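Student:
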Amino acid sequence: MGRGVKIGAFLKRRFAAGPGACGAAVLCAGLLAGAAARPVHAQGGREISGFAPARVEAERQLEEKFRRLPEAGRAENNLRHLTSEPHMAGTEASHRVAEWLCEQYRSYGFEAEIIRYSAWLPQPREVKLELTKPSKRLLATREQPIEGDADTADARAAAGFNAYSPSGEVIAPVVYVNYGLVEDYRVLASLGVSVEGKIAIARYGRSYRGIKAKLAEEHKAAALILYSDPSDDGYAAGDAYPQGPWRPMSGIQRGSVAYTELYPGDPLTSGATASGAQAVAPVDAADLPRIPTMPINAQDAEVILANLRGAHVPRSWQGGLPFTYHAGPGASEVHMKLVMDYQERPMYDVIATLHGTLDDEWVMLGNHHDAWVFGAADPGSGTSALLETARALGELVRGGWKPRRTIVIGAWDGEEPGLIGSTEWVEANRAELQAKAVVYINTDVGVTGRNFVASATPSLQEWVRDVTKDVEDPATGGSVYAAWSESAGRDTQEMRGVARSAPRPDASAPAPLGALGAGSDFCPFFDYAGIPSIDLAFSGDYGVYHSVYDDFHWMKQFGDPAFAYHAALARVLGMMALRFDEADILPFDYPAYAREIARAANELAERGARQADAGASLKAVSDAAATLAASASRAAQALRAVSAAPVDAAKAEEINRDLAGVEQALLAPGGLAGRPWFKHTVFAPGSYAGYAAEVMPGVSEALGRGDGATLRAEAGALAEALARAAARLDDIARLAREAAPSSPVVGH
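Letter by letter, the sequence shown follows residues 15 to 762 in the numbering used here.
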């Protein structure tokens with residue numbers, strides 16, 4: 015997505031459970047419960063978090079078998095097939111991809127089903143942009159073909175457009191708004207420049223494109239043009255495709271402009287289940303923009319921007335085009351015409367299941383399968399790796415292994431226009447997911463280079479580091495973790511919703527993980543259902559995002575020529591699945607989570623010290639955070655004591671099931687103020703940030719607005735959520751103390 019993260023539309027009332035050619039009724043089961051502290055067991059110095067000492071060696075042997083199975087050549091063949099035609103959501107080509115994925119998973123030994131939904135989804139009927147002053151010139155809506163890359167000339171590729179833009183026709187002068195951020199409009203105001211009645215032109219980057227559309231609308235622009243500046247992902251960053259991996263001047267970044275910071279999924283039926291929902295009229299949908307928006311390439315942006323006059327812009331606004339940028343307006347006048355074809359269109363999710371002994375405990379992995387055009391990196395690389403993970407797990411089963419927990423893989427449709435497939439599925443199955451979910455592991459733009467990046471709930475961040483220490487990095491021969499730690503802080507292009515941490519000031523500090531915001535399919539699992547989640551990829555120089563140039567040829571030339579990192583990603587995903595699947599006590603680190611919460615509470619208290627009426631509300635949050643930290647410490651201590659020997663299986667299941675509720679305890683039933691779909695009180699995408707995570711968003715945003723009434727309400731809801739999490743951790747401590755260490759663990 016805009017990944018994006020990421021990232022919108024589902025029609026719940028038009029849900030259809032018709033089986034695809036692969037056959038199937040709706041698969042509605044869930045994932046199991048999480049855990050709290052990270053009980054670590056050691057045997058001969060070879061410890062694995064969550065495993066009893068007597069089982070560590072067997073797990074090591076199983077993992078060694080698994081790591082030998084993923085093959086780069088198979089991953090390459092997977093991607094070749096996945097990129098054989100454009101397969102935008104809502105098209106028959108996307109259906110064909112779903113059918114093929116279903117067949118592949120079945121061939122690996124999984125049960126596989128296609129679940130069909132219907133969504134309110136646009137496709138472009140007419141996209142026209144022309145310069146009318148100072149001279150007439152028709153501007154491009156499609157990319158120029160690249161010699162030697164036949165896919166770039168494929169007539170089936172849709173013109174560049176922004177999903178969920180309304181139809182419209184505008185003739186108006188143009189104003190340059192830099193990245194179109196809140197602070198950019200403040201600068202324009204200080205310069206005496208208004209966008210009212212004009213066409214705003216903004217460069218991509220620094221925020222989700224839907225936020226740019228929202229702000230342009232709020233400032234009464236008549237329309238919005240988006241373009242990719244070469245200083246951000248073009249020749250200023252390095253050689254452009256086909257000489258290098260960066261965006262050529264004719265590259266157009268497609269993408270959704272739905273206001274997914276309000277809610278992802280179907281804009282007409284937010285939060286509703288799949289069947290029988292009452293849809294609102296499109297004109298009343300809160301997350302649909304009201305001004306026409308379209309993307310263009312840098313060549314045509316140059317023609318428009320070169321004719322702007324008016325105020326000189328700040329140095330930070332200067333892009334990579336060969337002239338001095340001005341805010342405008344000026345001589346440039348543009349005629350934009352958009353005719354969008356909105357219809358209910360079919361979405362096809364694929365759900366693949368490998369049953370375990372504990373069939374009501376699920377370890378879940380997923381990625382989307384729809385693409386704006388060919389989607390070699392986004393999402394094909396992640397899907398290709400995930401297929402290899404599934405094939406390798408199937409080989410283990412054929413060799414006699416029986417999963418302890420059930421492994422479920424989701425291939426979601428409609429992620430690009432707005433997380434449609436994953437949101438629809440989670441909304442339809444939320445209660446079962448919350449009863450059974452262990453974890454959701456997401457990959458999306460899985461491979462664009464060598465640099466491992468990840469985001470995770472704080473309780474799993476150290477565990478992610480542990481797993482990567484046991485997977486080989488193809489380039490260095492050392493561990494993925496060692497390469498990640500060494501490369502952390504390098505400037506790599508961020509195009510998706512995987513949140514990146516700031517460079518480490520201390521090179522000896524642990525490799526950084528980001529917080530989960532939005533931008534890809536982890537969003538409904540984490541932000542809406544409270545399922546502990548992870549998002550991961552191997553990242554690199556990637557300038558062809560959401561363009562026709564993101565194809566197999568680009569991947570073969572620049573992204574991962576040997577497909578070694580596709581295989582490495584398959585190993586990381588599989589190792590994560592195996593460790594969750596086989597763990598005795600699930601490996602969550604709630605003391606780490608409590609430390610993150612305490613840090614955020616302290617930062618809010620410092621900010622609130624400048625507001626007279628904020629102190630009492632923020633003290634309640636700080637007090638609740640301190641209580642949570644004490645409860646997490648007690649639970650961790652009790653789990654360490656009980657994990658010194660095998661635990662009674664029934665008691666272990668009870669502990670694990672109860673621990674899943676800790677993340678869910680952090681949900682507010684009524685959601686965040688003004689955004690009821692987003693229920694996580696500790697993490698959510700910012701209202702004006704797009705993909706990036708805001709910590710304690712309800713409180714932080716109310717504090718930023720100086721809204722005392724909302725601050726009191728949101729601080730109260732947050733304090734209550736922290737108290738619920740603390741109570742759950744106290745229950746875990748009690749269960750752990752009651753556990754009988756003499757009873758053997760069973761379940762294999």
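C-beta: ideal position from N, C-alpha, C; glycine also. In this text the structure is predicted, and so the values were computed from the model without any measurement.
(1) Figure out for me which residue from Gly-389, Ala-502 and Ala-591 has the closest Cα to the Cα of Leu-407.
(2) Strictly by DSSP, which residues pair up with Met-354?
(3) Nearest by alpha-carbon distance to Asp-280: which of Glu-668, Ala-581 and Val-440 is it?
(4) What's the gap between the Cα of His-95 and the Cα of Asp-247?
(5) Considering only C-alpha positions, which residue in the set Val-494, Pro-180 and Val-453 is nearest to Arg-419?
(6) Label Ile-746 either buried or exposed according to how many other C-beta atoms from any shown protein chain fall within 10 Å of its C-beta, with 16 as the threshold for buried.
(7) Given the structure, does Gly-344 come close to the ligand MG, in the sense that its CB is under 7 Å from one of the ligand's heavy atoms?
(8) Output yes or no for whether 8 Å exceeds the beta carbon distance between Gly-554 and Gly-491.
(9) State yes or no: is the beta carbon of Asp-564 nearer than 8 Å to at least one beta carbon in chain D?
(10) If you reduce the DSSP assignment to three classes, tell me which class Glu-375 lands in.
(11) Nearest-angstrom Cα distance between Pro-296 and Glu-429?
(12) Ala-619 by DSSP, collapsed to three states: which one?
(13) Does the beta-carbon of Leu-749 have 16 or more other beta-carbons within 10 angstroms, so that it is buried, or is it exposed?
(14) State the Cα-Cα distance for the pair Ala-682 and Asp-637, rounded to the nearest angstrom.
(15) Can you list, in chain order, the residues of its chain with a C-beta nearer than 6 Å to that of Gln-332? Leave out the 5 residues immediately preceding and following it.
(16) How many angstroms separate the CA atom of Ala-47 from the CA atom of Ala-659?
(17) So, helix, strand or coil for Val-656, using DSSP?
(18) Can you look up Glu-210 in the DSSP assignment and give me helix, strand or coil?
(19) Please list the segments of the alpha helix (DSSP H) lying wholly inside the stretch 273-315, counting only runs of 4 or more residues, in order along the chain.
(20) If you reduce the DSSP assignment to three classes, tell me which class His-326 lands in.
(21) Let's test the definition: count the other Cβ atoms within 10 Å of the Cβ of Phe-388 and tell me whether it reaches 16, buried, or not, exposed.
(22) So the candidates are Pro-148, Ala-449, Pro-309 and Ala-470; which of them puts its Cα closest to the Cα of Arg-323?
(23) Grouping DSSP H, G and I as helix and E and B as strand, with all else coil, what is Val-317?
(24) Please state whether DSSP places Ile-746 in a helix, a strand or coil.
(25) By DSSP, does Thr-97 sit in helix, in strand, or in coil?
(26) For Arg-261, report the span of its beta strand (DSSP E) as first-last.
(27) Let me check understanding here. Comparing Cα to Cα, which of Arg-60, Thr-724, Ala-236 and His-101 lies closest to Ala-172?
(28) Taking the C-alpha atoms as reference points, what is the distance between Asp-168 and Ala-385?
(29) Quick check on the burial criterion: 16 or more other C-beta atoms within 10 angstroms. Buried or exposed for Asp-298?
(30) According to DSSP, which residues form a beta bridge with Met-590?
(31) Starting from the Cα of Thr-155, find the closest Cα among Cys-537, Ser-561, Tyr-607 and Leu-76 and give me that residue.
(32) Would you check if the distance between the CB atom of Asp-458 and the CB atom of Ala-551 is smaller than 8 Å?
(33) When you compare only the Cα positions, how much space is there between Tyr-249 and Glu-446?
(34) Since Asp-549 is in the beta strand (DSSP E), which residue starts that stretch and which ends it?
(35) Buried or exposed for Gln-257, going by 16 or more other Cβ atoms inside 10 Å?
(36) Taking the alpha-carbon of Thr-166 as reference, which of Ala-186, Pro-526, Glu-402 and Tyr-255 has the nearest alpha-carbon?
Tutor: According to the structure data:
(1) Position 393 of the sequence shown, counting from 1, holds the residue named residue 407. Considering only alpha carbons, the answer is Ala-591.
(2) Counting from 1 along the sequence shown, the entry for residue 354 is found at position 340. Answer by DSSP bridge pairing, in chain order: Pro-138.
(3) Against the sequence shown, residue 280 aligns to sequence position 266. It is Val-440 whose Cα lies nearest to the Cα of Asp-280.
(4) Stepping through the sequence shown from its first residue, residue 95 is reached at position 81. Stepping through the sequence shown from its first residue, residue 247 is reached at position 233. Near 27 Å, if we compare the C-alpha coordinates of Asp-247 and His-95.
(5) By 1-based counting over the sequence shown, the position of residue 419 is 405. With distances taken between Cα atoms, Arg-419 lies closest to Val-453.
(6) Stepping through the sequence shown from its first residue, residue 746 is reached at position 732. Flag for Ile-746 reads buried.
(7) Questions concerning the ligand MG fall outside what the structure shown contains, since it holds no ligand whatsoever.
(8) Translated into positions along the sequence shown, residue 554 becomes position 540. Translated into positions along the sequence shown, residue 491 becomes position 477. Result no, Cβ atoms of Gly-554 and Gly-491 do not sit closer than 8 Å.
(9) Considering every chain present, this structure includes no chain D. It has just one protein chain.
(10) Along the sequence shown, one-based indexing puts residue 375 at 361. If DSSP states are grouped into helix, strand and coil, Glu-375 belongs with the strands.
(11) Counting from one through the sequence shown, the residue named residue 296 turns up at place 282. Counting from one through the sequence shown, the residue named residue 429 turns up at place 415. About 20 Å.
(12) As a working note, residue 619 is residue 605 in the sequence shown. Looking at Ala-619 - three-state DSSP - the assignment turns out to be helix.
(13) Within the sequence shown, numbered from 1, the residue matching residue 749 stands at position 735. Here Leu-749 is buried, its C-beta having at least 16 other C-beta atoms within 10 Å.
(14) What you label residue 682 is simply residue 668 of the sequence shown in a count that begins at 1. What you label residue 637 is simply residue 623 of the sequence shown in a count that begins at 1. CA-CA distance, Ala-682 to Asp-637, rounds to 18 Å.
(15) If you number the sequence shown from 1, residue 332 lands on position 318. Same-chain partners within the cutoff: Tyr-339.
(16) Taking the sequence shown and counting its residues from 1, the one referred to as residue 47 is at position 33. Taking the sequence shown and counting its residues from 1, the one referred to as residue 659 is at position 645. Low confidence applies to Ala-47: its pLDDT is 28, below 50, so where it sits in the model is not reliable enough to give any reading.
(17) Along the sequence shown, read from residue 1 onward, the residue named residue 656 stands at position 642. Helix, per DSSP.
(18) Taking the sequence shown and counting its residues from 1, the one referred to as residue 210 is at position 196. If DSSP states are grouped into helix, strand and coil, Glu-210 belongs with coil.
(19) none
(20) Within the sequence shown, numbered from 1, the residue matching residue 326 stands at position 312. Three-state DSSP puts His-326 in a strand.
(21) For this step, residue 388 is matched to residue 374 along the sequence shown. With 16 or more Cβ atoms within 10 Å of its Cβ, Phe-388 is classed as buried.
(22) Residue 323 sits at position 309 when you count from the first residue of the sequence shown. For the residues Pro-148, Ala-449, Pro-309 and Ala-470, the minimum Cα distance to Arg-323 belongs to Pro-148.
(23) Sequence index remark: in the sequence shown, residue 317 carries index 303 (1-based). Reduced to three states, the DSSP call for Val-317 is helix.
(24) Here residue 746 refers to the residue found at position 732 when the sequence shown is read from its first residue. Reduced to three states, the DSSP call for Ile-746 is helix.
(25) Here residue 97 is taken as the residue at index 83 of the sequence shown, counted from 1. Thr-97 falls in the coil class under three-state DSSP.
(26) The count along the sequence shown starts at 1 and reaches residue 261 at position 247. Note, Arg-261: premise wrong, no beta strand (DSSP E); not H, not E.
(27) Walking along the sequence shown from the start, residue 172 turns up at place 158. Nearest option by C-alpha distance: His-101.
(28) Position 154 of the sequence shown, counted from the start, is the residue given in the question as residue 168. Position 371 of the sequence shown, counted from the start, is the residue given in the question as residue 385. Asp-168 and Ala-385 have their C-alpha atoms spaced approximately 15 Å apart.
(29) Taking the first residue of the sequence shown as position 1, residue 298 is located at position 284. Its Cβ having fewer than 16 others within 10 Å, Asp-298 is exposed.
(30) Here residue 590 is taken as the residue at index 576 of the sequence shown, counted from 1. Answer by DSSP bridge pairing: none, since Met-590 is not bridged.
(31) Within the sequence shown, residue 155 is the residue found at index 141, counting from 1. Measuring from the Cα of Thr-155, the nearest candidate turns out to be Ser-561.
(32) Start at 1 with the first residue of the sequence shown, and residue 458 comes out as number 444. Start at 1 with the first residue of the sequence shown, and residue 551 comes out as number 537. Yes; because the gap between Cβ atoms is below 8 Å, this pair is in contact.
(33) The sequence position of residue 249 within the sequence shown is 235, counting from 1. The sequence position of residue 446 within the sequence shown is 432, counting from 1. Going from the Cα of Tyr-249 to the Cα of Glu-446 covers about 49 Å.
(34) Here residue 549 refers to the residue found at position 535 when the sequence shown is read from its first residue. From DSSP, the beta strand (DSSP E) with Asp-549 extends over 547-553.
(35) The residue given as residue 257 occupies position 243 in the sequence shown. Answer is exposed; the Cβ neighbour count stays below 16.
(36) The count along the sequence shown starts at 1 and reaches residue 166 at position 152. Residue Tyr-255 is the option with its Cα nearest to Thr-166.
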